[in-house]
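What follows is a set of notes on a single structure, which appears directly below.
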Amino acid sequence: GDESYAGSPSFFRFENTIKKITGLPYIIPTHQGRGAEKIIFTVLGGEGKIFLSNTLFDTTRANIEFSGATGIDLLCKEGTQPTIPAPFKGNIDLQALEKTILEKGAENIPLVILTITNNSGGGQPVSMENIKATQQICQHYKIPMFIDACRFAENAYFIKLREKGYAEKSIPEIVREMFSYADGCTMSAKKDAFANIGGFLAIKDDALAMQCRNLLIITEGFTTYGGLAGRDLEAIAIG
-3 GDESYAGSPS FFRFENTIKK ITGLPYIIPT HQGRGAEKII FTVLGGEGKI
47 FLSNTLFDTT RANIEFSGAT GIDLLCKEGT QPTIPAPFKG NIDLQALEKT
97 ILEKGAENIP LVILTITNNS GGGQPVSMEN IKATQQICQH YKIPMFIDAC
147 RFAENAYFIK LREKGYAEKS IPEIVREMFS YADGCTMSAK KDAFANIGGF
197 LAIKDDALAM QCRNLLIITE GFTTYGGLAG RDLEAIAIG
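Below you can see the structure in the form of structure tokens.
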């Protein structure tokens, strides 16, 4: 890897790979997934703010609560019953999602976060139908939807295996569709990217990306390395 402080070719390979996978335009490197969480929830969190999810991972919840905000899990009923077979036990409860938005007020909810696969819910997958329906609800209430994408490739495989209409689609096609419904994502590269360290934020909105980059510089590192060595940027780019 190229260890230049700024403008490293290793960063641009890292950036291009993530853009190709997610389709999201603004890529912000971090030392781990929790670094990405710390940045996004510092920017969007705070007292009185509420983040909704199928199930928040432990560091995600901790970073939300550290900002003064609250995290609420809205796991589907099938996900709470381990003895009942169901193909997508990681889904968010769509009725509960809309009900909670109406109760808490959309203006108090900066993000809805789908964890795919649902790590703290036994690694259960989330269906494409559920991802799309969540995005439609969020769009209606003008709330951005982010994906916690640590195991996005596994989730895509389960969609191919279990969801009607996806058996003949390739994993990259399924992945692109999943991310097409998202306004951004956080990721730890220690999971499906097969790296020893690293993570990133990928964001659709340029103003939000600028806020996150400004915080990155005073916490993680410059925008073209985010606390990572060039070799780690290369490792993530390769996967």
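Mapping the sequence shown onto our numbering, position 216 (from 1) lands on 212, and the numbers just tick up by one. In this text, a Cβ means the ideal position worked out from N, Cα and C, and glycines have one as well.
{"query": "Three-way DSSP call (helix, strand, coil) for Gly118 in this model", "result": "coil"}
{"query": "Residues near Tyr137 by beta carbon distance below 7 Å, same chain, minus five either side", "result": "Ile97, Ala102"}
{"query": "Cβ-based burial, Ala233 [other Cβ within 10 Å; buried from 16]", "result": "buried"}
{"query": "beta-carbon Met174 near the ligand GTP non-hydrogen atom, thresh 7 Å", "result": "This structure simply doesn't include the ligand GTP, nor any ligand for that matter."}
{"query": "Simplified DSSP state of Ala58, which is helix, strand or coil", "result": "helix"}
{"query": "Inter-residue spacing [alpha-carbon to alpha-carbon] between Lys186 and Asn50", "result": "22 Å"}
{"query": "C-alpha distance - Gly41 paired with Ala65, whole-angstrom precision", "result": "6 Å"}
{"query": "Residues bridged to Ala198 [DSSP beta-bridge criterion]", "result": "Ile23, Cys181"}
{"query": "Cβ-Cβ distance between Asp228 and Gly194 below 8 Å", "result": "yes"}
{"query": "DSSP beta-bridge partners of Gly217", "result": "Gly217 is not bridged to any residue."}
{"query": "Beta-bridge pairing of Gly67 - partner residues as DSSP gives them", "result": "Phe47"}
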